[in-house]
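Heads up: the structure comes next, in C-alpha cells.
In the numbering used here, the protein residues as written are 11 to 393.
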C-alpha cells in the first residue's frame, strides 16, 4: 500500500498493484493494474444503512449506473444513481416514494422493453417491483412475493416458459418462487432454513437454472437442483463446518468449464469445486476465521483468463483474491478498514474495458475503486 499526493487537487490517492505471482520476484510491468480511489469516489450517506448495490445501465446511455438498496431493519430511501461516464455517481433519483427496509435488489427486464427493471427485497414489509421509465426513473408497480424476513431476491426463468420468475430467500422461513409474468403463482421450497442470499446458475448443464442459498444458520448452505418439472427434488449440502455463510457467487474458479460455488462467511470463506457428479466435495478455503465476510463477487479483474474474487468484509479490510496458477493472491483495499461492508459489485464504470469495484457500506459512505494502470490513475481520479 502506497500513498501519493495528487499534485493538482491535494487528494490522498490510494493505489496498489496487481501482479503475477511468479518465482524470483518479477518486477511490475508498466501496465500492471491498480485499484484506485479517493474521497470523490464515494457515494450515499452514513445513515442509510446501505446493504446492497447492483450495477446496470438503467438510462440506456451505455455506462453502468447503480441501484443502491438501504435500510435493513429500518426505513430508508432506496436510490438509483446515474454514472457520469467516468465512474462517478453525480445524479440520483429515489426508487419509489416510500422509505422501507430494503435488503437486496434484482435488476432485470421484466416487461420485455429491453430496459432493466428493479425488484427490491424488503424485511417484514412487502417487496416491490419498480418499472423502468427509460430515463433513469422508475414507476412503483406494487408489491410482489412474500412479506416476512425476506433477505434477497434473484431473477431467472426457472421453468423455461419464457417468463422471468423471482426467487426469494427468507431467513427462518421457506424460500419462495413467484412465477412470472404475473407472480401470483407461488411455490415454497423445503426445508425452511436461515437463508440470507442466493445465486442462480445451471450447475449440471441440463439447461435448467439451479439455486444456491447462502445460509447463516448452522445447517450449512444448500444447492437445490432444478428437476425440469417445476421441482427441486435433489439437493447438496455445502459443508457447515466452514462457517455460517452470508453471500454466494457462482463462477469457474479452476477453469475446468464447470461453474463452482464460492461462499462468503462469518468465518473462513470457501470455494466449492464442481465435478462431473455435482457433489462439490472438493473445497478451497480462503480468508481468515476471525473476519466477517458479508459480500462476494466474481470477475476476471486483470483479464488474464482466470476468475478472481472480491470480498466485502464487515469491520475489517476489504480484499480481492487474484486467481493465480499457484493459488489465490490476497490484496487488501485498506481505505475503509473499519467499515461495515455488506456487498460488493463488479463492472466497468469508466469505459476502459476493465471491471471496477463498488462496495456497499452500512454506517459510512460507500466506495468505488477504479481498475486502471499506474499511468491512468491520476487522470481517472480527476474526472
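C-beta atoms are modelled at their ideal positions from N, C-alpha and C, and glycine is treated no differently.
Curious, which full-length beta strand (DSSP E) runs of at least 3 residues does the region 200-225 contain? If we require 3 residues or more, the beta strand (DSSP E) runs fully inside the region 200-225 come out as 205-211, 220-225.
Expressed to the nearest angstrom, what Euclidean distance is found between the alpha-carbon atoms of residue 166 and residue 215? Mapped onto the chain shown, residue 166 falls at position 156. Mapped onto the chain shown, residue 215 falls at position 205. C-alpha separation (whole angstroms): 16 Å.
Give a yes or no on contact between the region 330-350 and the region 358-366, applying the rule of three or more CB pairs nearer than 8 Å. Segments in contact, no.
State the Cα-Cα distance for the pair residue 158 and residue 180, rounded to the nearest angstrom. By 1-based counting over the chain shown, the position of residue 158 is 148. By 1-based counting over the chain shown, the position of residue 180 is 170. Rounded to the nearest angstrom, the gap between the Cα atoms of residue 158 and residue 180 is 7 Å.
Could you tell me if residue 289 is buried or exposed, where buried requires 16 or more neighbouring beta carbons within 10 angstroms of its beta carbon? Taking the first residue of the chain shown as 1, we reach residue 289 at position 279. Counting the other CB atoms within 10 Å of its CB gives residue 289 a total below 16, which places it among the exposed residues.
Answer with buried or exposed for residue 15, where buried requires no fewer than 16 other C-beta atoms within 10 angstroms of its C-beta. Start at 1 with the first residue of the chain shown, and residue 15 comes out as number 5. Confidence at residue 15 is low in this model, with a pLDDT of 26, below 50, so its placement is unreliable and the value that follows should be read with caution. Residue 15 should be labelled exposed.
Which same chain residues end up closer than 6 Å to residue 39 when comparing Cβ atoms and leaving out the 5 residues on each side of it in sequence? Numbered from its first residue, the chain shown carries residue 39 at position 29. Note that residue 39 scores a pLDDT of 43, beneath 50, so its modelled location is shaky and nothing firm can be said.
Using a Cβ-Cβ cutoff of less than 7 Å, which residues in the same chain neighbour residue 74 once the five nearest sequence positions on both sides are dropped? Numbered from 1 along the chain shown, position 64 holds the residue referred to as residue 74. Same-chain partners within the cutoff: 65, 66, 67, 93, 357, 358, 359.
One question on the structure: do residue 208 and residue 196 come within less than 9 Å of each other, judged by their Cβ atoms? By one-based count along the chain shown, residue 208 stands at place 198. By one-based count along the chain shown, residue 196 stands at place 186. Result no, Cβ atoms of residue 208 and residue 196 do not sit closer than 9 Å.
Beta-ladder partner(s) of residue 379, from DSSP: For the purposes of this step, residue 379 is taken as the residue at position 369 of the chain shown. The partner list for residue 379 (beta bridge, DSSP) reads 367.
Counting pairs of beta carbons, one from the region 375-392 and one from the region 113-128, are three or more of them closer than 8 Å? Here the region 375-392 does not lie against the region 113-128, with fewer than 3 beta-carbon pairs under 8 Å apart.
Of the residues 264, 61, 293, 213, which one's Cα is nearest the Cα of residue 335? Counting from one through the chain shown, the residue named residue 335 turns up at place 325. Answer by Cα proximity: 264.
Got a sec? Which residues, its chain only, sit under 7 Å from residue 255 by beta carbon, not counting five neighbours each side? Start at 1 with the first residue of the chain shown, and residue 255 comes out as number 245. Excluding residues up to 5 positions away in sequence, 224, 225, 226, 231, 273, 274, 275 lie with their Cβ nearer than 7 Å to the Cβ of residue 255 in the same chain.
Just to confirm the assignment: which complete beta strand (DSSP E) runs, minimum length 3, are found wholly within the region 277-332? As far as the region 277-332 is concerned, its whole beta strand (DSSP E) runs of at least 3 residues are 279-283, 292-296, 302-309, 318-324.
Which term fits residue 203, buried or exposed, when burial requires 16 or more other beta carbons within 10 angstroms of its beta carbon? For the purposes of this step, residue 203 is identified with residue 193 of the chain shown, where counting begins at 1. Answer is buried; the Cβ neighbour count reaches 16.
Can you list, in chain order, the residues of its chain whose CB lies under 6 Å from that of residue 173, leaving out five sequence neighbours each side? Counting from 1 along the chain shown, the entry for residue 173 is found at position 163. 190, 191, listed in sequence order.
Enumerate in chain order the residues of its own chain whose CB-to-CB distance from residue 198 is below 7 Å, with the five nearest sequence positions on each side excluded. The residue given as residue 198 occupies position 188 in the chain shown. The answer, listed in chain order, is 184, 186.
Find out if the Cβ-Cβ distance for the pair residue 86, residue 113 is shorter than 9 Å. Numbered from its first residue, the chain shown carries residue 86 at position 76. Numbered from its first residue, the chain shown carries residue 113 at position 103. No, they are not a contact pair.
When we look at the beta-carbon of residue 318 and count the other beta-carbons within 10 Å, is it buried (16 or more) or exposed? To locate residue 318, count along the chain shown from 1; it is residue 308. Residue 318 sits buried, since 16 or more C-beta atoms from the chains shown fall within 10 Å of its C-beta.
Alpha-carbon to alpha-carbon, residue 271 and residue 286: Here residue 286 corresponds to residue number 276 of the chain shown, with the count starting at 1. Here residue 271 corresponds to residue number 261 of the chain shown, with the count starting at 1. In this structure, the alpha-carbon of residue 286 lies about 14 Å from that of residue 271.
Sorted by chain position, which residues of the same chain lie with C-beta nearer than 6 Å to residue 18's C-beta, five sequence neighbours on each side aside? Taking the chain shown and counting its residues from 1, the one referred to as residue 18 is at position 8. With a pLDDT of 30 at residue 18, under the threshold of 50, the modelled position of that residue is not reliable, and the figure given next carries that caveat. Contacts found: none.
What residue range is occupied by the uninterrupted alpha helix (DSSP H) comprising residue 388? Numbered from its first residue, the chain shown carries residue 388 at position 378. Per DSSP, residue 388 is one residue of the alpha helix (DSSP H) stretching across 387-391.
Count the C-beta pairs between the region 305-312 and the region 233-242 that are closer than 8 Å, then say yes if the count reaches three, no if not. The region 305-312 makes no contact with the region 233-242, as fewer than three CB pairs between them are under 8 Å.
Where does the unbroken beta strand (DSSP E) through residue 112 begin, and where does it stop? Position 102 of the chain shown, counted from the first residue, corresponds to residue 112. Segment 112-118, the beta strand (DSSP E) holding residue 112.
Near residue 140, which residues of its chain fall below 8 Å by C-beta distance, leaving aside the five closest residues on each side in sequence? The count along the chain shown starts at 1 and reaches residue 140 at position 130. Close CB contacts of residue 140 within its chain, under the 8 Å cut and outside five residues either way in sequence, are with 105, 106, 127, 128, 129, 130, 148, 149, 150, 151 (chain order).
So the beta strand (DSSP E) residue 58 belongs to, where does it begin and stop? On the chain shown, residue 58 is found 48 positions in, with the first residue counted as 1. Judged by DSSP secondary structure, residue 58 falls outside any beta strand (DSSP E); it is assigned neither H nor E.
Does the separation of the CB atoms of residue 98 and residue 51 fall below 9 Å? Locating residue 98 in the chain shown gives position 88, counting from the first residue. Locating residue 51 in the chain shown gives position 41, counting from the first residue. Result yes, Cβ atoms of residue 98 and residue 51 sit closer than 9 Å.
With DSSP as the reference, identify every bridge partner of residue 355, one or two as the case may be. In the chain shown, residue 355 corresponds to position 345, counting from 1. 368, per the DSSP bridge assignment.
Could you check what DSSP says for residue 87 in three-state terms: helix, strand or coil? Locating residue 87 in the chain shown gives position 77, counting from the first residue. Coil.
Can you check which of these residues, 205, 296, 322, is closest to residue 355 by C-alpha distance? In the chain shown, the residue the question calls residue 355 occupies position 345. If we check each option's Cα against that of residue 355, 322 comes out closest.
Of all the options 155, 217, 259, which has the alpha carbon lying nearest to the alpha carbon of residue 194? On the chain shown, position 184 is the one that residue 194 refers to. Its Cα nearest to that of residue 194, the residue 155 stands out among 155, 217, 259.
Using a 10 Å radius around the Cβ and a threshold of 16 neighbouring Cβ atoms, would you call residue 306 buried or exposed? Walking along the chain shown from the start, residue 306 turns up at place 296. Label assigned to residue 306: buried.
Who are residue 8's beta bridge partners in DSSP? The question about residue 8 has no answer here: the residues shown for the chain are numbered 11 through 393.
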